[in-house]
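Q: Pasting a structure below so you can have a look.
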Amino acid sequence: FKYNSLNAQAEYTFPRPNLRAYAGLRFISASGKFPALSGVRITNLNVIDYSQNGLQVGGVIAFKKQHEFVLDLGVLKYNDNGGVFNSTGTRLTTNSSFTNAFIRGHYEFRF
């Protein structure tokens, strides 16, 4: 099994101390093979082969001393070439690939 991950994020605080912005990238990939057991015999091969790439940007507005509002925007692309293969190499099942986009806002209070 092979797994790779790279994450990078940068944050900038504006001259006004109550305003911050950030952006981040994420790259993940994994691959591997292992047998699918049926009773005592090995009948199929499970294959893991995916990559995930993501971009996230956001900002934070701090007001008063312990209060913040956070807004995140992001896109995540998941590409999967894995599945279940029989002993001759024919693909029996596939795994889905997808793209997600999100907007998330939340309020934080710190003691």
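All residue numbers for the sequence shown refer to the numbering used here, where the first residue is 3 and numbers rise by one.
Note that the Cβ used here is the ideal one computed from N, Cα and C, for glycine as well.
Is LYS35 helix, strand or coil by DSSP?
A: The residue given as residue 35 occupies position 33 in the sequence shown. LYS35 falls in the strand class under three-state DSSP.
Q: Roughly how many whole angstroms lie between the Cα atoms of PRO37 and GLY91?
A: Position 35 of the sequence shown, counting from 1, holds the residue named residue 37. Position 89 of the sequence shown, counting from 1, holds the residue named residue 91. Cα to Cα, the separation comes out at about 13 Å.
Q: Pull up the distance between the alpha-carbon of PHE113 and that of PHE71, whole angstroms please.
A: Here residue 113 refers to the residue found at position 111 of the sequence shown. Here residue 71 refers to the residue found at position 69 of the sequence shown. Answer to the nearest angstrom: the Cα atoms are 15 Å apart.
Q: Are GLY76 and GLN58 closer than 9 Å when you measure CB to CB?
A: Residue mapping note: residue 76 aligns to position 74 of the sequence shown, counting from 1. Residue mapping note: residue 58 aligns to position 56 of the sequence shown, counting from 1. Taking 9 Å as the Cβ cut-off, GLY76 and GLN58 qualify as a contacting pair.
Q: Taking the Cβ atom as the reference point for each residue, do ARG28 and ASP74 lie within a distance shorter than 9 Å?
A: For the purposes of this step, residue 28 is identified with residue 26 of the sequence shown, where counting begins at 1. For the purposes of this step, residue 74 is identified with residue 72 of the sequence shown, where counting begins at 1. Against a cut-off of 9 Å, the Cβ pair of ASP74 and ARG28 comes out as no contact.
Q: Flag LEU75 as yes if its beta-carbon sits less than 9 Å from any beta-carbon of chain D, otherwise no.
A: Given the protein chain composition of this structure (a single chain), no chain D is represented.
Q: Helix, strand or coil: which one does DSSP assign to THR92?
A: Numbered from its first residue, the sequence shown carries residue 92 at position 90. THR92: coil per DSSP, three-state reduction.
Q: Between which two residues does the beta strand (DSSP E) containing ARG106 stretch?
A: The residue you call residue 106 lines up with position 104 of the sequence shown. Looking at the DSSP string, the run of the beta strand (DSSP E) that includes ARG106 is 100-111.
Q: Identify whether GLN68 lies in helix, strand or coil by the three-state DSSP scheme.
A: The residue you call residue 68 lines up with position 66 of the sequence shown. Correct three-state label for GLN68: coil.
Q: Between the alpha carbons of VAL49 and HIS69, how many angstroms are there, rounded?
A: Numbered from 1 along the sequence shown, position 47 holds the residue referred to as residue 49. Numbered from 1 along the sequence shown, position 67 holds the residue referred to as residue 69. So the alpha carbons of these two residues sit roughly 47 Å apart.
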